[in-house]
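There are 4 protein chains.
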Amino acid sequence: MSEKLKQALEAAFEEATRIYNNRGFQRRIGFGQKPALISVDLANAWTRPGNPFTCEDMDDGIIPAMQKLLVAFRRWNFPVVHVTTCYQITDRNNPNTDMGLWHEKIPMEVCAEKDKNVWAIDSRIAPIEGEQVLIKKRASAFHGTYLAGYLRAAGVDTILVTGVTASACVRETICDGLADGFRPIAVKEAIGDRIPGAVLWNLFDIDAKFGDVVPVARCIEYLDRIGQEAKIKRSAA
Amino acid sequence: MSEKLKQALEAAFEEATRIYNNRGFQRRIGFGQKPALISVDLANAWTRPGNPFTCEDMDDGIIPAMQKLLVAFRRWNFPVVHVTTCYQITDRNNPNTDMGLWHEKIPMEVCAEKDKNVWAIDSRIAPIEGEQVLIKKRASAFHGTYLAGYLRAAGVDTILVTGVTASACVRETICDGLADGFRPIAVKEAIGDRIPGAVLWNLFDIDAKFGDVVPVARCIEYLDRIGQEAKIKRSAA
Amino acid sequence: MSEKLKQALEAAFEEATRIYNNRGFQRRIGFGQKPALISVDLANAWTRPGNPFTCEDMDDGIIPAMQKLLVAFRRWNFPVVHVTTCYQITDRNNPNTDMGLWHEKIPMEVCAEKDKNVWAIDSRIAPIEGEQVLIKKRASAFHGTYLAGYLRAAGVDTILVTGVTASACVRETICDGLADGFRPIAVKEAIGDRIPGAVLWNLFDIDAKFGDVVPVARCIEYLDRIGQEAKIKRSAA
Amino acid sequence: MSEKLKQALEAAFEEATRIYNNRGFQRRIGFGQKPALISVDLANAWTRPGNPFTCEDMDDGIIPAMQKLLVAFRRWNFPVVHVTTCYQITDRNNPNTDMGLWHEKIPMEVCAEKDKNVWAIDSRIAPIEGEQVLIKKRASAFHGTYLAGYLRAAGVDTILVTGVTASACVRETICDGLADGFRPIAVKEAIGDRIPGAVLWNLFDIDAKFGDVVPVARCIEYLDRIGQEAKIKRSAA
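Protein chains in written order, with my numbering: chain V, 34 to 270; chain D, 34 to 270; chain H, 34 to 270; chain S, 34 to 270.
This is the structure in C-alpha cells:
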C-alpha cells in the first residue's frame, strides 16, 4: 500500500471515528467465556504463491501470527475450526455446479475438490487430531454450513477469526458470527487480502460495527487467562 | 407392520382426512418447471444389513425405485444430489465434536468420516460424474448446508425427495424444502424407515401439510414430460 | 382418539422401542444450564373454536399446563418467546405473497396480519413486558427467524417447547432447535394437534430422535432448581 | 469526502483492478429473468436528520433514485420488499433482548418497535398495497428472515439492492443474496452511508466479488425490457 493511500485512509478513519463516537458506534463487544478459533481459507490456494487467490503478507505476517494463536488454543484445548473452500463441479458451463453463482464474479473454478493440494490447509498451520476442517462453498464460514449449530452445542460464545480475505470471507464470517449470537474478535495481524488498502478499510468497518479488532498478543493473554480459569473451575468441581 | 396397526392407522387417517378436507388442508402443491432429486442417506449404514441405522425394505423396494428414478433424472440431465451423513470427531466425550448434540439422542458416533464405507452411497445407486454428494451433519439435507442456495442458483423449483428415514431426515428435508421455497414431492415407494408404521404416519403428515406423496411411476411421467418440453424449448431458442 | 387406535399405536411403540433400544436410539439429552420457553402458535386461530386451525384439548389441557409453566419461567426470569404466524399478503393469486408455497398445502390465507385477533397470543397466556412475540412465516420457529441467534446471544442452551401442532410447527421447532445446538424438551401436556393420534405418534418420533418428552411437573421442578442455583451463583458473585 | 481521499481511493482501485483483472475477478454476474427490489433500512431513523443512524445524501440522491426505481418496479408488478429494523426489548441491561449482541457495537437501542415513527419506511417512498415490509434484527435482510425462501417461491432470480448503509446492511444483504442463489445488483445512486469514503470502498469490494454495481438508469432499462417481455409471454400463453 502506498504511503499516500495509507495517509488518506487514516485521515478518513479519524473523521469517521469522530462521527461514530458522537453517535454511539464503535463500542467494544469484548471477550466472552468460551472461545473458538475460526481460521478462514488459510489453504494453499490463498497462502502460497502462484494462484489467482494468493494473498499478501503470508510468510512474515499471517502464518507466524496463526502459529502463535494455535499454540495458545491447543494449550487449553479450545475448539479450532480450519475453514476451506472447494467444489465438486467446476465446469462453469454446467448449470448444476455447486459453485452456485459465485464463479460469475470470481474464479472459484480453481478450487476443485479433486485437486486436494489446492484447498488443503497450509502445512505450516496444519490441523491436528480433534480439530475440524470445514469445507464451505460461499464466503462466510457460517452461511450454508453447520458451524453456528456446532459452536452453540459446544457452548462457545466468542469467535476469534483469522485468515483471508478481509474484504470477503473473513468479513462475512465476522458479520454472520455476530448475527448468529457470537462475540466476534478479528485477530489483527492474522487477517490478509490481496489488494492495497483492503485490510485497512475492512477492519475499520468491522471494528466500528461488527466485532473488535484485537492484536494477537492480547488474544493470547485472554486465552491463557480464560483457560487457566476454566482449569481451576474444573478442578474445584 | 402388523395388520392390526395398519388397519388402525388407516381408520385414523380416514377420520383425519374428513377433518382436513373440511378445513382446507391436504391441498396439492403439484410439480413445477425444474426438478432436482434429493436422495437422503441411501448410504451403506442405512441400506445394508448389520448397522444400527439399517432400514427395512431396501433390496426389493427402495433401491429398485431409486434406480428407476435415476434413469429418468439422468435421461434429461436434471440435477441429482446424493446426501449422506458423517463426522470428523466421533468421540462422544469430546465436547468439540461436530456431532453437536445429536449423539445424545441417536448413535451418530457410528458414522465416522474416516470409515468411508459406512457413509458411502450404496453402490447400486452410485453417483455418476456431474452428480453431487452432499455431506450433512443434521437430519435435514437443507439445515446447515448449501443446498437451498445451490438449488436456487440452478433454477430448481421442485424437489423429489427419496431415502431414509421417513421419521427423521426425509421428513425434515421435505419440511425445510417447502420453507426454502421449493415444491416438495415425496416419492412414495422410495422412502423407508426402520420401525413399524413410521413410513405410514410420517407420509400421512407430510402429504397433509408439507408436500405431495406421489408414486414413482407418476414422478417418472412428469420427468419425461418436463424433460421433453425443456428440450423442445432449447431447440427452438 | 379411539381406544383401538391407542392400543395399536402403543403396541407399535413397544415393538419400535425394542428395536431402538437394541440399536442405541431413544437416548436422553437432558436439561442444560439456561432454559428458554418457546411457545408455538398458541394464538387464537389455534386455541379458540371456529377456525380451520382450531386444535383439540386447549381449555382443559394445554392452556392450564402453559399457565403453570409460565409461572415458573417468570419466577426466575428465564426468557419466554411467544411464537405466532401471520402474513401481509393473503391473496392466494398474488405470486408475491409472503405465504410462499405453504398455502398450496394448508389454509394459511386465514392468518392475515391485518386481522390481529386471529394471530394474537391467547389472552389466558398473554405475553408480559420483557417477553417476545415472534412472528414466523413457516412451520419452524427457527426457520427464517432470528430465534437461534437470539438464544445464543442470551446464553440459552435448553429449549422447552410447547404449543401446536405436534405434527407440524412444534415438531419442526424441536428438530431445528436440536440442529441449531439447543437441548429440546417437549413439554408433554402442553403440546396438541387436531387429528386423532397425531400427538402420540409425533411425540414418539421426537422422543426417539430429537428431544426428550417430559411431563410439565418435571419441567417445573427443573426450572425451580436451576433458577435457585442461578440466584445463589449471582449472590456469591 | 475530501478530494484527497477520493483521489487516493481511485488510485488504489486502479491498482486493485489491474490485479483483479489479471486473476479473473470482477466478472459480471448480469441480470436474470425475474427481479425483486430489496430496499434496506430506508426508514426515518436513517433517512431523516437528527438520529444516530442518519445517513448522507438522502434528499438529493438516494430518495429520488428510489422513487424512479419504484415507478419501474410498480409498472411491471415485480416484487418490492421494504426492509427495516426494530426491537421489542431495547433495555441494554436485559440479557434477553432481541437486539442480541449487536447493541454492544452500535446504538440499536434507538430502534424500539413501540416507536413506530423511528423505523417506519420514509413516506416519500412509502410501501403500497402488495409490497412487503420486512422487519429484520441483524444487518442482512436475509439473515434470520424468510426472505430467501419467499423470493424462491416467487420465482425471483435477481435482486436489485438499495438503501443504507453500504458498509453494513446493504453489503451484508448483497453477500447473503449471492450465497442464497440470487444475482445481486447494487443500484449505484441509491446506496448510502454516513462516513466519508465508505460508499466508495464498499461498492468497490462488492463489484469485485459479490454483485454488479449498476447505475439506476440501466436498472430501469432492464426492468422495462424484462417487464415488456414477460407481458408478451403472458399474452401469448
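We put the CB at the ideal spot given by N, CA and C, even for glycine.
Keep in mind the model is a prediction, meaning the values are calculated, not measured.
What span of residues does the alpha helix (DSSP H) with residue i cover, start to end?
i, result
"V104 (chain D)", "96-108"
"G260 (chain S)", "249-269"
"V151 (chain V)", "149-152"
"W202 (chain D)", "Note on identity: in this sequence residue 202 (chain D) is Cys, with Trp being the wrong assignment. First-last of the alpha helix (DSSP H) with C202 (chain D): 202-212."
"K37 (chain S)", "36-56"
"W79 (chain S)", "77-80"
"G182 (chain D)", "180-186"
Check this for me: beta carbons of residue i and residue j, under 8 Å apart or not?
i, j, result
"K149 (chain D)", "I62 (chain H)", "no"
"G196 (chain D)", "A219 (chain D)", "no"
"Q66 (chain H)", "I259 (chain H)", "yes"
"C88 (chain D)", "T191 (chain D)", "no"
"V232 (chain S)", "D238 (chain S)", "no"
"P222 (chain S)", "V249 (chain S)", "At residue 222 (chain S) the sequence reads Glu, which differs from the Pro that was named. It is a contact, given that the beta carbons lie within the stated cut-off."
"A45 (chain S)", "L236 (chain V)", "no"
"G177 (chain H)", "T178 (chain S)", "yes"
"D155 (chain S)", "I96 (chain S)", "yes"
"P140 (chain S)", "F58 (chain V)", "yes"
"V114 (chain D)", "L167 (chain D)", "yes"
"G133 (chain V)", "G182 (chain D)", "yes"
"L103 (chain V)", "W135 (chain S)", "no"
"A270 (chain D)", "W109 (chain D)", "no"
Using the rule of at least 16 other Cβ atoms within 10 Å of the residue's Cβ for burial, across every protein chain shown, is residue i buried or exposed?
i, result
"I40 (chain V)", "According to the sequence displayed, residue 40 (chain V) carries Gln and not Ile. By the neighbour-count rule (16 or more Cβ atoms within 10 Å), Q40 (chain V) is not buried but exposed."
"N54 (chain V)", "exposed"
"V73 (chain V)", "buried"
"I265 (chain V)", "exposed"
"D213 (chain V)", "buried"
"A186 (chain V)", "buried"
"N129 (chain V)", "buried"
"E164 (chain D)", "buried"
"A49 (chain S)", "buried"
"A98 (chain V)", "buried"
Which same chain residues end up closer than 7 Å to residue i when comparing Cβ atoms and leaving out the 5 residues on each side of it in sequence?
i, result
"A172 (chain V)", "A201, C202, E205"
"A78 (chain S)", "N84, F86, V143, C144, V151, W152"
"I207 (chain H)", "V194, P217, A219, I239, F243, G244"
"L42 (chain V)", "G230, L233, W234"
"K271 (chain H)", "The displayed coordinates of chain H run from 34 to 270. Any statement about residue 271 (chain H) would go beyond what the structure contains."
"D271 (chain D)", "What the structure shows of chain D is the stretch from 34 to 270, and residue 271 (chain D) is not part of that stretch, so it cannot be assessed."
"D93 (chain S)", "none"
"A105 (chain H)", "I253, L256, D257"
"R125 (chain D)", "H136, E142"
Under the DSSP definition of a beta bridge, which residues are partnered with residue i?
i, result
"T117 (chain H)", "H:I168"
"D245 (chain S)", "S:I218"
"S72 (chain S)", "S:H115, S:T195"
"A145 (chain D)", "D:Y120"
Could you check where the beta strand (DSSP E) with residue i kicks off and where it finishes?
i, result
"E222 (chain H)", "216-225"
Near residue i, which residues of its chain fall below 8 Å by C-beta distance, leaving aside the five closest residues on each side in sequence?
i, result
"Q100 (chain D)", "R157, I158"
"D131 (chain V)", "Y120, Q121, I122, K170"
"V189 (chain H)", "K67, P68, A69, P112, F215"
"M34 (chain V)", "P229, G230, L233"
"R107 (chain V)", "V113, I161"
Short of 6 Å in beta carbon distance, which residues of its chain neighbour residue i, apart from the five on each side in sequence? Order them along the chain.
i, result
"Y255 (chain H)", "F64"
"A241 (chain V)", "Y53, F58, Q59"
Mind pulling the chain C residues with CB within less than 8 Å of residue i?
i, result
"C252 (chain H)", "The structure shown contains no chain C; the protein chains it does contain are V, D, H and S."
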